[in-house]
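*Asks:* Structure below; questions to follow.
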Amino acid sequence: MDLLLTFIQKAIGQGIAILFGATGEIVTEKSGNLNLGIPGIMYMGGISGLMGAFFYEKNVANPIPLIGLFISFLMTFIVSALGGFIYSFLTITLRANQNVVGLALTTFGVGFGNFFGGSISKLAGGVGQISVKTTAAAFRASVPVLNKIPIIGDLLFSYGFLTYLAIIISLSMTYFLKHTRKGLNLRAVGEDPATADAAGINVTRYKYSATVMGAAIAGLGGLYFVMEYYGGTWSNNGFGDRGWLAIALVILALWNPNNAIWGSFLFGGLYILYIYLPGLTRATQELCKMLPYLVTIVVLIISSKRNKHESQPPSSLGKAYFREER
Amino acid sequence: MEQVNAIELKHVTKRFGEVTANDNVSLTLKKGEILSILGENGSGKTTLMNMLSGIYFPDEGEIRINGNAVTIRSPKDSFSLGIGMIHQHFKLINILTAAENIILGLPGEKKIKMPQVVEEINALTRKYGFDLNPMQKIYDMSVSQKQTVEIIKVLYRGADILILDEPTAVLTPHETTKLFQVLKNMKEDGKSIIIITHKLNEVLELSDRISVLRKGTYINTVETKDATVESLTEMMVGEKVSLDIKRTKPTNQKKRIEVCNINCRNKEGLPVLTDASFIAYSGEILGVAGISGSGQKELLESIAGLQKLESGQIFYHTPEETIEDLTKLSADVIKEKGVRLAFVPEDRLGMGLVGSMDLTDNMMIRSYKDGRSFLVDRKKPRKLASKIVEQLKVVTPKLETPVRRLSGGNVQKVLVGREIALNPTVLMVAYPVRGLDINSSYTIYNLLNEEKKKGHAVICVIEDLDVLLELCDRILVLNSGKITGVVDARSTNKEELGLLMTGTGEEKHKDE
Amino acid sequence: MSKDIVLLNKEPFIRMVKRDSITTVKAWFIRMIAVILALIVAALVIVAITKQNPIEVYLGMIDGAVGSKRRLWVTIREILAMLCIAVGLTPAFKMKFWNIGAEGQILMGGTAAAAFMIYFSDKLPSGILLIVIIIVSSIAGLIWGIIPAFFKAYFNTNETLFTLMLNYVAMQIVTFCIVFWENPTGSNTVGIINSATKAGWFPSLFGNVYGLNVVLVLLLTTAIAIYMKYSKHGYEISVVGESEFTAEYAGINVKKVILRTMMVSGAICGFAGSLIVSGASHTISTSTAGGRGFTAIIVAWMAKFNPIAMILVSALLIFMQQGSVQIATQFGLNENASDIITGIIIFFLIGCEFFINYQVELRKKSKEGK
Amino acid sequence: GCGSSATKESSSDTIQTQSSESASGDTQDDASAIKVGIMYIGDENEGYTESHMKGIQEMKTALGLTDEQVIEKTNIPEDESAYDAAVDLADQGCNIIFANSFGQESYMMQAAEEFPEVQFAHATGYQAASSGLSNMHNYFTSIYEARFVTGVVAGLKLNELIENGTITAEQAKIGYVGAFPYAEVVSGYTSFYLGAKSVCPTATMEVQYTNSWADMSGEAEVASQLIANGAKLISQHADTTGAPSACEQAGVPNVGYNVDMTSVAPDSALTSAYNNWAPYYTYAVKSVIDGTKMDVNWCQGFAEGAVGITALNEKVVAAGSAEKVAQVEAAIKDGSLHVFDTTTFTIGGKSLEDLIAEGGDYAKYADYVSDGYFHESELASSPSFDLRIDGITELTE
Ligand SMILES: Nc1ncnc2c1ncn2[C@@H]1O[C@H](COP(=O)(O)OP(=O)(O)OP(=O)(O)O)[C@@H](O)[C@H]1O
Ligand SMILES: Nc1ncnc2c1ncn2[C@@H]1O[C@H](COP(=O)(O)OP(=O)(O)OP(=O)(O)O)[C@@H](O)[C@H]1O
Ligand SMILES: [Mg+2]
Ligand SMILES: [Mg+2]
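Protein chains in written order, with this note's numbering: chain V, 1 to 326; chain R, 1 to 512; chain L, 1 to 370; chain B, 1 to 397.
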């Protein structure tokens, strides 16, 4: 029972970072931009949030949790949005190839994260010595009172606010895309920028906003990981390949943020399943670690057989738009 | 007070690299009139209109709307000036509904109140006599339905000035008539309209005045009542051209293609061809008529080996009088068998040609496999490309230009030229003159006639019934995948064809 | 009129116009400027975050990459590996098959090479063993390439995600194998395979340990350059990449071409695995591919799929990478700083392509009228 | 004090490497002419490497070497790059080259063969003695001693929990986050367990592997699972702060490795066992300077100050821990306490001596066992205790 409960809790914990990334990438891709820089941006988001909190706590005698939380949140938001802006400028304004820019941004972002992670590590006095415990505690604070309910409390109310935020963002993004004018316009931009343009939509502005916004949301995944999951510390490459899984999840979720929610929990669960399955050897554990990837592949194959119009990627995905080009 | 014009273009110039698409063009649209713009393919009509709709920005010149000098930097600016444009290629988002497409980009409450929007659209459709389901997805629509969405989109925005770029290219005569009625209603409503079309009879029927462009320059504007097909053509081309098709009697007719009871279904599993059987002979032009989507495309594609057959058989009778069974063979196998089959598909850049490749590489599409070598030979295709450019007067800056950059008419010439160069015994063409100017159209008709004279079998799908009657020897009529008749083109008439096309006529096989 | 008349009299401040053509000299001039700007920006970043003299840092990079004969050869070896992978990716990308699975294909090739080095070192004469290794590693990569190709061809399964996932599966297969090959048990390291006999190692050629690498990769690069540009296969690949309908119309068996091309692509990446394992590291680990599969995508795109240009691009990126090892040592500058610098340089280089393809026009002075 | 003859020998060595640069045989010059190279698997952002870096730094201070005399290469992976780095260091004139990761050993040996006049020292490896290369060396610390002591701290904590009634004596289960089922890890967790058991006899232990030396999230997840599985205290042999961080959230006391964990687990970290590499680096470099022969295998513990435990977290540790720690440390130092005392553990219910006598698989341990204890790290510097003793369950089979 305890094991199952912990497993579910941890699966959700693993999933949330991916969910932020996937939601951010969905918003981005809806504008026709395939941002392969998301893995890097998540590193950038994570480290800048941590740095914000770190310098705040370092320079203030009695840090106030909420202020630390606010600072790190803001830092993450700004820096990851900046990552999105670099991508946007290069691909939208300069019409550079999206794949190259994305991959380069990932290289850049991971380097950025590890570099500054190392730098503040040094300032903090060594490896593992970064401590933003006040801020981290604020990020980790679970829902008061409700979290005391047995089982239900553990299952539903034992998470920090970013977990709920991730789900709220996903739900509201789905609503935004489906039911609002701006959402409709955004989808049009991603489907066919020339048509959107002819309909009087400012394609450039939509592409920029969606990409920058998407990057900022994805960056929160990094912040979540560093703050809520790790409790406010840094480890080089500690975020691993989750950014790539987030991009994978976008396709699996058929560009619908609501699907990404359960998808991320599934990914999270499969990610740690090997620890919970009894009787595995080291070798079979390694095979078990393939599960998230194999399941993705299987789902992918099954879903590719249904060729519904609505479950296709935005048609202009990956292509630059130039009004006068034919 | 003097009457202000809806649109005045003054000395407008637009260049694309080396190409000057519009050179010092001045043009006026009066309030409440319908103005036609005529010109050969690539003469710059679309470019000129796109400067009004905010897609392109002029290099030089001035634009006045309702008497005021304006700068149109984007489609949005254009809308706010009351200009609505229906583009040559539909500007619709496939996965969205009609209603969603119509309200695209419009300001309004954050949350979309769909029922309200649908009500407003229904009001418009009632007013102008359209037939449209606002909740239908675009990908489920026929071309004319899409056209309707485009028009309502413009009306919904409250445009006073309407620009339609070749709206009738893909419409059936019936649909065209309906559209023109709507346009006339709108004119009554006080709206000003510009229409671009290559069909001169339409021009004469609909418009008040006609402006002509040639090679990017403005030639003249005439009152419609003073114009004739011949005078307009001369203005467009710059010289007198004869506009008749010299149909010869078929000679030496032999069976070439024999289609027996073929059936096939589309992706959604609906039947598109049912028990179709017919024979195409050498030395004749067999026309295919039918309202759009009646199975014309599938019929040709089945013969070309591009369509999966459910049942039925297709035979090819060689000039040497042997018989090849082509049933269920794919295009490459048919070619390997030495069957000289040429096919000009409906979708030029999506199927017949590769848009991003240059002329030379496009020449190779059908012949690159020739020869044993592992490497391709580009010498012959390059020669062929320059030959076609020369003989068919293809307008292109150079042979290395990607075909995507050429105007529609020129693209078509390249494609037809290549297929004829295969020296085929069977030539199949789908909508060969769609979007082509009158001069180019006659060039193509003559090419088809020459093929026929060479003793080849020509099968062509054409939507213009007048042309069918004038060009073909026999006409096969399709109605929802069934062949409702094969008639002699010399003895039939439009009414008979119309009845067969809509399925109200009795089945007719004159040659059997 | 129901609507207010909007008067717009402002011409846009800057406009972009597509260039028709540009001279090669001018294009390279623009690229040079981009590199210089990139170096300046990177220098500013270096000063800002490390307070080091950027010139010295750059000199350090040059020293690290080509400062001695040995370093030069290490750099060459790495360029070759990168080039090989980029060349391998070319056919797939030209076909618009988004193969981001080179990483996995390399790993599988490397694993096959290691397996044969381990299990057949005493069963086969060394020359034959080497040939067998090259063949099996190519086959292993080929298999890893053909799986997503099959599903793409027959079920239209999204290959981007498929190949990405196969990378991780390959990674796990390597870890799985290491459990059996590790020495000693539990150490998670395979160590140098056949360090005594050197069985299955690339032999020295022209007196250089990496001579064979040079020959093989350059041959391969030339072959692929010819294959893509002048062969019928290459032509088919471009047509399929542009439009499947056109391909079918042209009598091209699209499924066959997808499978064949991914076989070629996967096989070359698999071969790159043996190039790394047999030709350089003589061991296998999860970092055998080491992100090269992703970097190679950047290389291939930046070179616009021109195999010859790929030599230049991979040289540039590897130069940065090798140089960074030195600056890390010399200035205590954290190596990740080099990723930041590399990122900046790539940003500038791909950004500058815009100025090669487009012309920017500023607003003209004044216009007649009001 | 070093003999002058030895100094002469070494100076001739130096002359060989540095060719014509300096012909001086003076001892003073040797210290300033020497060059030290070191290649690390990671960099200062990674705990294991960081501790080596500190050791090098202390060595530099102790021997008065300048910055130019020490070349540090970071992030050297365990493949051909290790060889490249080693020979590059040799090319730059290093007289002694260190490498700190297991997988770099074969590449070090390759380089050692090429540069016979340069000393190559490799941490955690085991092949120097058998390599036949006189310039190849292995070194490690007796970290098991420190682990035993941290085990004692953990055992006392468990006792406290039992006394408080928080848990019963039977529930005194320890969870251990291990990297790989490798002698270094097995030896480590066994010594930790033996330390705990020495004060809390009912203690049991479960070990789960992460299959990685440093996988922060994996370590956190494994720790969570162990806790969910009933572990009341967590320890680790893995390099990150992942496990302590998870413990902090779950409120479970924990023992770390390499670094002080109180930064991430202020309310749950007890202490950490750590290595101090300075004694070895100082010893080795000094040997080269002095021209004395270096140990082929070097392994030291508390006695040489090569291992230790970080400051006890008074907030968390049981009362009286400090005294007990001091006592145990002293006993280890003076040799009165042997960590792998064969009377303190059984295997399958039998003593190790009996099993050896029975022969079979256990016969190979005969060389290690005498005088009532297993002589860990005495025959070779790297750990060799890889027996699975009673009371410990490996969850990974
Ligand atoms: N975006 C563009 N880039 C480059 N060249 C262009 C572009 N648009 C048009 N052109 C060129 O400008 C010329 C005029 O094209 P335009 O489309 O205006 O002709 P058109 O009169 O509409 O022809 P059609 O009757 O075939 O539609 C052609 O030569 C065409 O190739
Ligand atoms: N792939 C195609 N298949 C069938 N008809 C086509 C195709 N491409 C163009 N046409 C037809 O050819 C005509 C001319 O097309 P063209 O390429 O000149 O467009 P355009 O005027 O340049 O349009 P724009 O400038 O808006 O892109 C159009 O009427 C169109 O219907
Ligand atoms: Mg046009
Ligand atoms: Mg045109």
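We put the CB at the ideal spot given by N, CA and C, even for glycine.
Everything numeric in this text was worked out from a predicted model, so none of it was measured.
Is the beta carbon of S142 of chain B less than 8 Å from the beta carbon of C299 of chain B?
*Replies:* It is a contact, given that the beta carbons lie within the stated cut-off.
*Asks:* Give the secondary structure of T502 of chain R by DSSP, where H, G and I count as helix, E and B as strand, and everything else as coil.
*Replies:* The answer is helix: DSSP assigns T502 of chain R an H, G or I state.
*Asks:* By Cβ distance below 6 Å, which residues in the same chain neighbour S235 of chain V in space, the five residues on each side in sequence not counted?
*Replies:* So no residue of the chain qualifies.
*Asks:* Using a C-beta cutoff of 8 Å, does N253 of chain L count as contacting chain R?
*Replies:* Output row for N253 of chain L: interface = yes.
*Asks:* Among the residues of its own chain, which have a CB less than 8 Å from the CB of S263 of chain B, if the five just before and after it don't count?
*Replies:* Cβ neighbours of S263 of chain B beyond the five flanking positions: T241.
*Asks:* Using a threshold of 8 Å, state whether the C-beta atoms of G21 of chain V and I38 of chain V are closer than that.
*Replies:* Contact: yes.
*Asks:* Provide the residue(s) that pair with V177 of chain B in DSSP beta bridges, ordered along the chain.
*Replies:* The partner list for V177 of chain B (beta bridge, DSSP) reads B:Q208, B:Q236.
*Asks:* Is Q326 of chain L helix, strand or coil by DSSP?
*Replies:* In the structure shown, Q326 of chain L sits in a helix (DSSP, three-state: H, G or I).
*Asks:* Could you compute how far the alpha carbon of I341 of chain B sits from the alpha carbon of S138 of chain L?
*Replies:* Residue identity differs from the one stated: residue 341 of chain B is Asp in this sequence, not Ile. Roughly 54 Å between the two C-alpha positions.
*Asks:* Please decide whether P253 of chain B counts as near chain V, where near means a Cβ-Cβ distance under 8 Å.
*Replies:* With 8 Å as the cut-off, P253 of chain B does not count as an interface residue toward chain V.
*Asks:* Within 8 Å (strictly less), CB to CB, does M261 of chain B reach chain V?
*Replies:* Yes, because at least one Cβ of chain V sits closer than 8 Å to the Cβ of M261 of chain B.
*Asks:* Got a sec: which bits of the stretch 186-206 of chain L sit with their beta carbon under 7 Å from any beta carbon on chain B, in order along the chain?
*Replies:* Cβ contacts with chain B: G186, S187, N188, T189, G191, I192, S195.
*Asks:* In this structure, does DSSP put Y159 of chain V in helix, strand or coil?
*Replies:* Three-state DSSP puts Y159 of chain V in coil, outside helix and strand.
*Asks:* Can you tell which of B:S106, B:F345, B:F148 has the C-alpha that lies nearest to the C-alpha of V328 of chain B?
*Replies:* That would be B:F148, whose Cα lies nearest to the Cα of V328 of chain B.
*Asks:* Contact criterion: CB-CB distance below 8 Å. Does A320 of chain V meet it with respect to chain R?
*Replies:* Cβ-Cβ to chain R under 8 Å: no for A320 of chain V.
*Asks:* Looking only at its own chain, which residues have a Cβ that is under 7 Å from the Cβ of L220 of chain V, when we skip the five neighbours before and after it?
*Replies:* Excluding positions up to five away in sequence, the list reads F20, G45, T76, L162.
*Asks:* With 8 Å as the threshold, decide whether the Cβ of Q28 of chain B is near any Cβ in chain V.
*Replies:* Confidence at Q28 of chain B is low in this model, with a pLDDT of 44, below 50, so its placement is unreliable and no value can be given for it.
*Asks:* Inspect the beta-carbon positions of T286 of chain L and M171 of chain L and report whether they are closer than 8 Å.
*Replies:* A contact, by the Cβ cut-off of 8 Å.
*Asks:* Where do the N-terminal and C-terminal ends of the beta strand (DSSP E) with R366 of chain R fall, by residue?
*Replies:* That residue, R366 of chain R, is in no beta strand (DSSP E); it is neither H nor E in DSSP.
*Asks:* Please work out which residues of its chain come closer than 6 Å, Cβ to Cβ, to E236 of chain L, disregarding the five sequence neighbours upstream and downstream, and give them in chain order.
*Replies:* Result list for E236 of chain L: I252, V257, in chain order.
*Asks:* Short of 7 Å Cβ to Cβ, which residues in the stretch 64-90 of chain R face chain V?
*Replies:* Cβ contacts with chain V: P75, K76, F79, H87.
*Asks:* Nearer than 7 Å: is that true of the beta carbon of Q88 of chain R relative to any heavy atom of ligand 3?
*Replies:* It does: the Cβ of Q88 of chain R is within 7 Å (strictly closer) of some heavy atom of ligand 3.
*Asks:* Going by beta carbon distance, what residues of the same chain come within less than 7 Å of L355 of chain B, once the five residues before and after it are set aside?
*Replies:* The residues are I347, Y362.
*Asks:* Write down the C-beta distance between P250 of chain R and D23 of chain R rounded to the nearest angstrom, noting that I regard them as a contact closer than 8 Å.
*Replies:* That belief does not hold up - the Cβ atoms of P250 of chain R and D23 of chain R are roughly 46 Å apart, past 8 Å.
*Asks:* Tell me the rounded alpha-carbon separation between T401 of chain R and H89 of chain R.
*Replies:* When rounded, the distance between both Cα atoms is 22 Å.
*Asks:* In or out: S384 of chain B buried (at least 16 other Cβ within 10 Å) or exposed?
*Replies:* When all chains shown are included, S384 of chain B counts as buried.
*Asks:* Does the distance from the CB of I298 of chain L to the CB of I268 of chain L come in under 8 Å?
*Replies:* No, the pair does not count as a contact, with Cβ atoms beyond the cut-off.
*Asks:* Can you give me the C-alpha to C-alpha distance between E314 of chain B and G320 of chain B, rounded to a whole angstrom?
*Replies:* Each residue's Cα considered, the two are about 10 Å apart.
*Asks:* Just curious, the alpha helix (DSSP H) that G84 of chain V is in, first and last residue?
*Replies:* Run containing G84 of chain V: 65-88, per the alpha helix (DSSP H) assignment.
*Asks:* Starting from the beta carbon of R323 of chain V, find every residue of chain R whose beta carbon is closer than 7 Å, and list them in chain order.
*Replies:* The answer, in chain order, is I55.
*Asks:* Following a CB-centred definition, is R560 of chain R positioned closer than 7 Å to any heavy atom of ligand 1?
*Replies:* Residue 560 of chain R lies beyond the range of chain R shown here (1 to 512); nothing can be said about it.
*Asks:* Does the contact criterion of 3 or more C-beta pairs under 8 Å hold for the stretch 146-163 of chain V versus the stretch 238-249 of chain V?
*Replies:* As far as the Cβ criterion goes, the stretch 146-163 of chain V does not touch the stretch 238-249 of chain V, which means the pair count is below three.
*Asks:* Does the Cβ of T46 of chain R lie closer than 7 Å to at least one heavy atom of ligand 3?
*Replies:* Checking every heavy atom of ligand 3 against the Cβ of T46 of chain R, one is found closer than 7 Å.
*Asks:* Can you pull the chain V residues whose beta carbon is under 7 Å from the beta carbon of K111 of chain R, in chain order?
*Replies:* Ordered by position in chain V, the residues that pass the 7 Å Cβ test against K111 of chain R are H179, T180.
*Asks:* Just to check my reading of the structure: A210 of chain V and L186 of chain V have Cβ atoms closer than 8 Å, yes? What is that Cβ distance to the nearest angstrom?
*Replies:* Confirmed, Cβ separation roughly 6 Å.
*Asks:* Keeping to the same chain, check which residues put their C-beta closer than 7 Å to that of C260 of chain R; ignore five residues upstream and five downstream.
*Replies:* Answer for C260 of chain R: S277, G312, Q313, listed in chain order.
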